[in-house]
Structures are given as C-alpha cells and as structure tokens.
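A.B. asks: Just passing along the structure, written as structure tokens.
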Amino acid sequence: MNMGTFRLAEAEEEQMAREVRKGNCHYCGYLCGFDVTVEDGRIVDVKPDPTRYPYSPTVAARCRRWRMNLDDLDAPDRLNFPMKRVGARGSGRFERVSWDEALDDIAARLRALREEFGGRTLASAIGGPHATYWPLHRFMSQFGSPNNMGIGQICWNPRIWMDAVTFGWPTESELGDNTRAMMLWATNPAESDNSLFWTQIRAKHNAGVPLVVVDCRKSKTALAADVHLMPWPGTDAVLALSLIHVVLQEGLFDRDFVERWCTGFEGLRAHVAPYTPDEAQRVTGVPADDIRRAARIYATNGPALLLSGRGIDQLGPNTEPTVRALCLLRAITGNVDRPGSCYVNERSGFRQEAHMERPDLFARDERAFQLNPTRLQSYAGYDLVNGQTERFGRTLPERYLTSAHPGLVMRAMRDGTPYPVRALLVMGANPVLTYANTQLVLDALASLDLCVVADYRMTPTAQLADYALPVAAAFERPTCQIHGGVADYAYGGAAAIRPLHERRTDYEILRGLALRLGMGAEWPAATLEDEYDVLFEPAGLTFQQFAEQGIYAPQPTYRKHEAPGADGAPVGFATPSGKVELASSLLEQLGGSRYPQPVLEAVAHADLAHGMVALVTGARFQPYWASSYFQNAEFRAWRPFPRVHMASATAQALGLAEGDWARISNERGAAVLKVAYEDMPLGVASAEYGWWLPETPAGAPGYSGALVSNVNLLTDNELSACEPLIGTWTYNGLEVFVEKVACPGEFAAVEENEESK
48 MNMGTFRLAE
58 AEEEQMAREV
68 RKGNCHYCGY
78 LCGFDVTVED
88 GRIVDVKPDP
98 TRYPYSPTVA
108 ARCRRWRMNL
118 DDLDAPDRLN
128 FPMKRVGARG
138 SGRFERVSWD
148 EALDDIAARL
158 RALREEFGGR
168 TLASAIGGPH
178 ATYWPLHRFM
188 SQFGSPNNMG
198 IGQICWNPRI
208 WMDAVTFGWP
218 TESELGDNTR
228 AMMLWATNPA
238 ESDNSLFWTQ
248 IRAKHNAGVP
258 LVVVDCRKSK
268 TALAADVHLM
278 PWPGTDAVLA
288 LSLIHVVLQE
298 GLFDRDFVER
308 WCTGFEGLRA
318 HVAPYTPDEA
328 QRVTGVPADD
338 IRRAARIYAT
348 NGPALLLSGR
358 GIDQLGPNTE
368 PTVRALCLLR
378 AITGNVDRPG
388 SCYVNERSGF
398 RQEAHMERPD
408 LFARDERAFQ
418 LNPTRLQSYA
428 GYDLVNGQTE
438 RFGRTLPERY
448 LTSAHPGLVM
458 RAMRDGTPYP
468 VRALLVMGAN
478 PVLTYANTQL
488 VLDALASLDL
498 CVVADYRMTP
508 TAQLADYALP
518 VAAAFERPTC
528 QIHGGVADYA
538 YGGAAAIRPL
548 HERRTDYEIL
558 RGLALRLGMG
568 AEWPAATLED
578 EYDVLFEPAG
588 LTFQQFAEQG
598 IYAPQPTYRK
608 HEAPGADGAP
618 VGFATPSGKV
628 ELASSLLEQL
638 GGSRYPQPVL
648 EAVAHADLAH
658 GMVALVTGAR
668 FQPYWASSYF
678 QNAEFRAWRP
688 FPRVHMASAT
698 AQALGLAEGD
708 WARISNERGA
718 AVLKVAYEDM
728 PLGVASAEYG
738 WWLPETPAGA
748 PGYSGALVSN
758 VNLLTDNELS
768 ACEPLIGTWT
778 YNGLEVFVEK
788 VACPGEFAAV
798 EENEESK
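Set out below in structure tokens:
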C-alpha cells in the first residue's frame, strides 16, 4: 500500500472504536517510537514502543518530554488555524483566516517583492527538531534566494567540514562491544537528553571501560568520569593539541596507520611541540598530569570512542582549530574507520538530501549575492570540498553547508545593505530567543515587509510576524531524520492520526506557496508521505515499509580505504592526497592553517575584583529543548527559574549566594538569572538559554518575557569576531559583568510560591 492510499483510508480507520498505531515523539532529535492508542480519531494514550528504535527502559522511565504528548497535542495555546496580524507589527494582535487567504496573500506579496528586489530579498530561518530542512531549501532555490539561515555555524557543521577536509567525508562515532576507552568532549548526555547513548556509556563504564570527560563544568556526565579535564572556556584547542603532543612524545601513536594512511605527520610533530602539558596547564588550567593520564587512556586502549558535542561548535574563532585537532587525535591513534571507535559514513542507500533539496534549481550566478563571505561554509568552499567527495559518489548537502550568515542577513533587513532583505520565512525556529544579538534580531524583524512563521505556538518570533501558521506536531505528521544525507541511516515513522484542526506539515505549507508562485512542477507529491516514498525508492522501500521498523541502518563497513579500486590499488580517502590529511591542503587553499592554530586572543578573561567572569551559554537541560516547552506547567513546576551556574567561591567573590538573582551584562544587553552552585573553574559561569515566559503578555515590549532572562541579549555575531572559515560566533566564552539584583517582577509570583513550599 502506498502512502497516498494509506491517507485515503484513514478516514475509515478512524471510525474504529479503539486501535493501537505506531507513532513517533517529536520533542527531541531522537524521534522515539511509540504505541499510540487512537479512539474515534483522537489519541487517548501513548506508551514507549519497546520494539522500535531507540527504546531504552531507562529513557522511558526518566524522560519527561514524551509524557507531555497527550496534553500538548491539543493544548489551548497551540496554533490551530492560520493567523493574520491585524495590529501594528509586534502588537501580538492576530485574527483567524483561511488557508487560501493566507497562502494567496503571502504568495502575492512574495511575488511583488521578488519583482522589485529580486529573489535574494527573501531569507529563511529553520530549526529543529520539528522542521524538515530540504522542503524549505527546495523552495528557496526555486524562488531564487541564497539566503537560507540555520544553526549550522554553531551546531554540527564544524564537525562535518573538519571531517570532510581531514578524512574525505563525515564520520560517525561508534560505541561497540569492543570499545576499550571513551572520551566525551563538551557533551553532557546525562542531562541534555537522557538518551540511549548515555545508558550505553554507563553500561560500558560499569563494565570497566575507562571514561574521560572534557567539560568546563562538573556536569552529571563529568561526575561519572575516571578523568575529568576542566579547561578554561575557549582553550579546548590548546588542550587537544597537548593530548596529541603526549601521544607523539611517548610514542603512543598507531605507527602503521600513520605511515600508510596519513600525510603531514612530521609537520604535525613540529606543530604540537610547544603544546607541552605544562604549557597547556598554564593556558587551560588543566593539571599537566591529568592531561598525560587522559592521553594515555585514549591512546593505549584502542579501539577508543571520541565524541564531541555542541560545546566546541560554539567557541567562535577557536571552534575550527578545536574540532580539527580532535580529528587529528583520532587519526594518529588509528581510531578511524575502525569498529568500536568511528567509521567514515557511506553514501546513503536512500536519496541524499542534496537530491531532495534540489540545488540545481538555483541559478549559479545568484550565488555571488549570498550574505556569507566565509571561506569554507560558502559556495566556494563547498565546491572545493564536494569536488573531492564526488569522486566517491557522495554529495554533501549544499544548502545546509552553504547557509547564509545570520548576522549579515539581519543587518541587511535592518539597514538594507548590501541590498534589501525584505521578507523572511521561519520554519520551526525562534530567532528572538536562539539567535545571537537579540536586539539586532528584534530590529531586523520589525523592519520587514513580510514575515511568516510556521510553528506550534505563538512564540516571541511569531508575535512579530504577519502570519503565524499552524504546524502539525508529534503523531500528526510523518517523521524521518536523515542527518543531512551524510550517513547511511534514517529513523522516524508514520503519522498516527491526521493533523488536528487545520494544522499542516511544513512540506504542505511550502508546496502551497510554490503552486501559487508557478513553481509547482517541482512539487509533484501532494503529501510529505509521498515525498518520503521518493526518498526511500533507491533503497527498495516504501515509506510505510520503513515506518514499520522505524529505522533504516545497514551494518556499516570498516577500513573502506583499504578496499581495491578499479586499478587494484586501495581506494584511499576522498581527499586530494587520498590519505588522512593531518596537514590540510584544502584548508590551505582556502586561506586557513594546515594545522590547528588556537586563537588565544579570543579567549575570555575574568576579573572578579571588578565583577567580570567568563560566561558559557547554551547548555541543554531537561526537560526543556532550546526555547521549547516553557509553556508546560509540570516542567515549569520542576524547573521554575532560569539559572546561572558558578562555583561557590566565584559567587562569594561577586557578593552572591545560591538562590540570589544576578544581573549578567555587557555592552550589548543584560539578562537576569538565579544563582546555582556548580563545580567549575574560579571565574567561570554557565547560563541557561532559551528562557521565555509564555504566561506573560504577548507582543511589545516584552514579547512574553523574552527579554528578561535571554542570554542572547549578551551574544554577538558581528562577522569580524567570528571564525573566518565557517563563520562561527561565540556562545561559550563571553566577558560579562555580574551583580546582585532583586527578583524580576515577572518571576515574583513564582518566587513567592516556591518560598512558601
């Protein structure tokens, strides 16, 4: 049965009194499989499905997010119908309209703006996990705009790029039965998502496999470590190079792999010579003996897992050298394309994202107008690197890896330079909370001629829109996570019910606009399910067949570089040399460094005598996800306040105690958070992000509390301060001032209630 037939049959199926169907939670990136009980077309119960990926009894018992599905499905604050702004922009005043009225007007206004300014006048913003990237990217290519924004510069893209220039294609960390050591760098799975992965890490550790954790915070993950390295924010690259120094100095490297499959080894030895453990201790604060111990654990217990998280994707100028250095640490220890360490991903058996997003529809001469002058995350960088991967039949996702720079796009909206950006499509993103420099975002959105937001709720960003469009959420829509098409696995599943009220998938919204703009020929599939049939066709599957299992994951192969090519010689790696490039020829061609080069002048300092600390932002914490789920009463009762974490000694030096409210400020703005003690270096603080207060009034001036505890009021994405290859701005390592203040009025009632308990 194809998915079109399945959807037509739903009306009859939903008349059945009671039925258990398959569905997927959509409240984090894991898309866990569920048994969904449906009665007369309504969901009455959900339970984790033990037969489907990524079931874990620990996660099922402890995760709070999946339990919100029933309440959230038809919550009173959900967007159910298209809403059109009727007051001034930012007033928060909207009225219900029909889908035809909304899409007709949006399409007409987009057409008029394109005629006046060209297709580049449209920008887009997208986030996760409840949005699908390739439909938006297809629409942008057809419309003629290079200005799609995402979060790639500070999430995942640095790892894709550094893997590609080093190994020829992105890699996947693997925790296998034979893994003999584990290193987790700037990731906190024990708290951020309570995942199956963390359950597996704990099981391995309990079985005697050593665990090294690198994190400037004594997180719950770090508490489990045999060795916890706590570097000063922004100095991770120095620490990584020091680990390499120890491995080389003590002869712990994989000599056979290095000699056969690596280039630039002697240059690397010379490059890391100054990064002794003693020098690294001076810069990072990590004891030299701990550095040596961690290096020995990782290098002498192969195969070894090394997994890094978003923490190092957000170090600004120090992101690229940090991520690259970790690639080199894997390489010299032979932990590349090896079971139990990591493997170089294979070309996906389904259609790659590059095919689904259709970059061929975008005129090449329009590339020059993209608001993105970075050297690697740009069309020039993409063409250079993808030219290597194409030799192996692998295509990198073009739109995702060439996204425009948000700072430049927002300034083009506000100032009209270098050309006017007058319209914005926002799909499942909330830039007012999650983009750097909130004041710039507010000014930019306020200046637009057209802003359209498709989301679950009237978020602070939606409050500034001309149209807020209702999107189908968990169990109402099919899901399929394909990780940009850079890996040969996918997971997700079918919708359990049809969307409630008048909600639609993002695909259907974009297709509706495309049809009205005369671009419908490239959108032949009426539904997202039908498009997923196209996606899985090369794998010999229908989407329904995929959905029955919820996962497509062929067994990976290893040591692919040793396989014979057409001439009988090993095929090697998809790099210019055919080997792992310890010295990157591609980065050198783009004006970068052949070896990782830390930028110490970009590292934040602390001056407690004058109230200044080094601030880390962006740590994920249960039960929230970025700026999502703050409307949930149970979650708010459990985590009622935004918190800034610091060591007790830091707090005391600032005149603060645990439970005090602190104003954190710099020249850009201020945020107020509640002090909580946590073990971390003296002079460092870590602030939660994404906080807003949906229960407070919508619209200007407060936008539902989005300007009270929003740490992005402190951050900036001015291009001159960003990493030049990828454009990464700094979230982790900001110089800010901290002072004690009274409880903000927005939290007064909550504070009083907590004190009365």
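Take the sequence shown: its letters are residues 48 to 804, numbered as in the numbering used here. Virtual Cβ for every residue (Gly too), placed ideally from N, Cα, C.
Looking at V391 and G215, is the spacing between their C-beta atoms short of 9 Å?
C.D. replies: Yes, Cβ-Cβ distance for G215 and V391 is below 9 Å.
A.B. asks: Taking a contact to mean a Cβ-Cβ separation below 9 Å, would you say T775 touches P205 in this structure?
C.D. replies: It is a contact, given that the beta carbons lie within the stated cut-off.
A.B. asks: Relative to the C-alpha of D346, which residue among H402, C72, P257 is closest?
C.D. replies: Correcting the residue type first, residue 346 is Ala in the shown sequence and not Asp. Comparing Cα-Cα distances from A346 to each of H402, C72, P257, the minimum goes to P257.
A.B. asks: Rounded to whole angstroms, what's the CA-CA distance from F409 to L489? Just pull it up for me.
C.D. replies: About 30 Å.
A.B. asks: Tell me whether A135 is buried or exposed, calling it buried when 16 or more other Cβ atoms sit within 10 Å of its Cβ.
C.D. replies: Under this definition A135 is an exposed residue.
A.B. asks: Put L243 into one of helix, strand or coil per three-state DSSP.
C.D. replies: Here L243 sits in helix by DSSP.
A.B. asks: How big is the Cα-Cα spacing for P467 and G311?
C.D. replies: Rounded to the nearest angstrom, the two C-alpha atoms are 46 Å apart.
A.B. asks: With a threshold of 8 Å, are at least 3 pairs of Cβ atoms found where one atom belongs to the stretch 355 to 365 and the other to the stretch 176 to 193?
C.D. replies: Flag = no, the stretch 355 to 365 and the stretch 176 to 193 do not touch.
A.B. asks: To the nearest angstrom, how far is it from the Cα of H177 to the Cα of E523?
C.D. replies: Those two C-alpha atoms are separated by around 12 Å.
A.B. asks: Got a sec? Which residues, its chain only, sit under 6 Å from V785 by beta carbon, not counting five neighbours each side?
C.D. replies: Result list for V785: G658, V660, L701, A709, I711, in chain order.
A.B. asks: Does the Cβ-Cβ distance between V473 and C498 come in under 9 Å?
C.D. replies: For V473 and C498, yes; Cβs fall inside 9 Å.
A.B. asks: Around the Cβ of N433, are there at least 16 other Cβ atoms within 10 angstroms (buried) or fewer (exposed)?
C.D. replies: Buried is the call here.
A.B. asks: Could you have a look at H692 and say whether DSSP puts it in helix, strand or coil?
C.D. replies: It is a strand residue.
A.B. asks: Closer than 6 Å by C-beta to E66: which residues in its own chain qualify, once you throw out the five before and the five after it? Chain order, please.
C.D. replies: Same-chain partners within the cutoff: V85.
A.B. asks: Roughly how many angstroms lie between the CA atoms of E793 and N116, to the nearest whole one?
C.D. replies: If you take the alpha carbons of E793 and N116, they lie about 27 Å apart.
A.B. asks: Straight-line CA distance for R558 to E404?
C.D. replies: Spanning the two alpha carbons is a distance of roughly 13 Å.
A.B. asks: Helix, strand or coil for I201? Go by DSSP, reduced to three states.
C.D. replies: Note: I201 maps to helix in three-state DSSP.
A.B. asks: Looking only at its own chain, which residues have a Cβ that is under 7 Å from the Cβ of R339, when we skip the five neighbours before and after it?
C.D. replies: The answer, listed in chain order, is V293, P324.
A.B. asks: Compare the C-alpha of P420 against each of T442, H452, A796, L448 and name the closest.
C.D. replies: If we check each option's Cα against that of P420, H452 comes out closest.
A.B. asks: By the 10 Å Cβ neighbour count, where 16 or more other Cβ atoms means buried, how is A814 classified, buried or exposed?
C.D. replies: Given that the chain is displayed from residue 48 to residue 804, the structure contains no residue 814 and the question cannot be resolved.
A.B. asks: Excluding sequence positions up to five away, which residues of its chain have a Cβ less than 7 Å from the Cβ of D121?
C.D. replies: Answer for D121: L547, listed in chain order.
A.B. asks: On the premise that E238 lies in contact with Q596, defined as a C-beta separation below 8 Å, what is that separation, rounded to the nearest angstrom?
C.D. replies: Q596 to E238, Cβ: 30 Å. No contact.
A.B. asks: Using only CA atoms, which one of L352, A718, Y750 lies nearest to T762?
C.D. replies: Closest by alpha carbon: A718.
A.B. asks: Bridge partners of C498, per DSSP?
C.D. replies: Partner(s): L471.
A.B. asks: Residues bridged to Q528 by DSSP?
C.D. replies: The partner list for Q528 (beta bridge, DSSP) reads Y538.
A.B. asks: Relative to the C-alpha of L431, which residue among G197, G638, A491, G199 is closest?
C.D. replies: Residue G638 is the option with its Cα nearest to L431.
A.B. asks: Give the single residue among I529, P321, A427, L290 whose Cα lies nearest to the Cα of R394.
C.D. replies: The shortest C-alpha separation from R394 is found at I529.
A.B. asks: How many angstroms separate the CA atom of T485 from the CA atom of F688?
C.D. replies: Going from the Cα of T485 to the Cα of F688 covers about 20 Å.
A.B. asks: If you count every other CB in all the chains shown that lies within 10 Å of the CB of N253, and 16 or more means buried, which is it?
C.D. replies: N253 comes out exposed.
A.B. asks: Using alpha carbons as the reference points, say which of F397, E367, A734 lies closest to M209.
C.D. replies: Looking at the Cα atoms, E367 is the closest of the given residues.
A.B. asks: Exposed or buried, which one is D118 when buried takes at least 16 other CB atoms within 10 Å?
C.D. replies: Answer is exposed; the Cβ neighbour count stays below 16.
A.B. asks: Label G780 either buried or exposed according to how many other C-beta atoms from any shown protein chain fall within 10 Å of its C-beta, with 16 as the threshold for buried.
C.D. replies: G780 is buried by the Cβ-count criterion.
A.B. asks: Can you tell me where the beta strand (DSSP E) with N71 in it begins and where it stops?
C.D. replies: Looking at the DSSP string, the run of the beta strand (DSSP E) that includes N71 is 66 to 71.
A.B. asks: Are the beta-carbon atoms belonging to V755 and R683 less than 9 Å from one another?
C.D. replies: Not in contact: V755 and R683 (Cβ atoms no closer than 9 Å).
A.B. asks: Within 10 Å of its beta-carbon, does E799 have 16 or more other beta-carbons around it, so buried, or fewer, so exposed?
C.D. replies: Its Cβ having fewer than 16 others within 10 Å, E799 is exposed.
A.B. asks: Determine the direct distance from the alpha carbon of G565 to that of A58, and round the result to whole angstroms.
C.D. replies: In this predicted model, A58 has a pLDDT of only 44, less than 50, meaning its place in the structure is not dependable enough to derive any value.
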